[in-house]
Structures are given as C-alpha cells and as structure tokens.
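In the numbering used here, the protein residues as written are 23 to 121.
Cβ coordinates follow ideal geometry from the N, Cα and C atoms, glycine included.
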C-alpha cells in the first residue's frame, strides 16, 4: 500500500446533515438549494486544497531539480578536469619498465 503524502479535502462534497442533533431541520425550506450551495462550496474548498497541493508538489519538484543540477555541475567540473589532464598527457614521456 502506498504511503499517502498529501490528502485533498473535503473528500465527500455532498455529504451534508440537514438536521441538528435533536432532529430539528437546519433549513426550513429550500433544502435542495441548501445542499446545492453546500456542494458548490465544498467543490471550491476541494479546488483550493488541490491548488495548495499542486503548489507543494511543484516546490518539491523544483528543489529536487536544483539538487540534480548541483550534482550535474559537480560532474561537469570533474569531467573538465579529466579532459584537461588527458589533453596534457603525453604517452611518449611515460617510462616503460624493462624486465
């Protein structure tokens, strides 16, 4: 099972209780309109949550890409040093041992 890093809230957009704990209705009339408004508000909340999560994902991706870029720069400098040493290398100057 994968590890959940981010959760989009609210999960259930239309789950609304139209009655109080003692059973009296919260809305006297226009219950369908109340449920519709509640659903639309939760959809906006969910989009806002999704936007924040997307921002977090892109920030994390940016930091990972900066790390990869730094590592590539280190490798590039090492390759350039090896290239310079290779250009200076003269195989004729290397002594060969005689047995």
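Host alpha helix (DSSP H) of residue 27 (start-end)
Counting from one through the chain shown, the residue named residue 27 turns up at place 5. Careful: residue 27 lies outside any alpha helix (DSSP H) and carries neither H nor E.
Do the region 85-105 and the region 34-45 meet, that is, are 3 or more Cβ pairs less than 8 Å apart?
no
Are at least three pairs of beta-carbons, each pair with one atom in the region 25-33 and one in the region 68-79, less than 8 Å apart?
yes
Report the three-state DSSP secondary structure of residue 111 (helix, strand or coil).
One-based indexing of the chain shown puts residue 111 at position 89. Coil.
Checking the sheet assignment: what are the DSSP bridge partners for residue 117?
As a position in the chain shown, residue 117 is number 95, starting the count at 1. Bridge partners of residue 117: none, in fact.
Cβ-based neighbour list, residue 71, same chain, cut-off 6 Å, excluding 5 preceding and 5 following:
Reading the chain shown from its first residue, position 49 is the one you call residue 71. Hits under 6 Å: 30, 31.
Give, in chain order, every unbroken run of the alpha helix (DSSP H) that is at least 4 residues long and sits entirely within the region 33-101.
none
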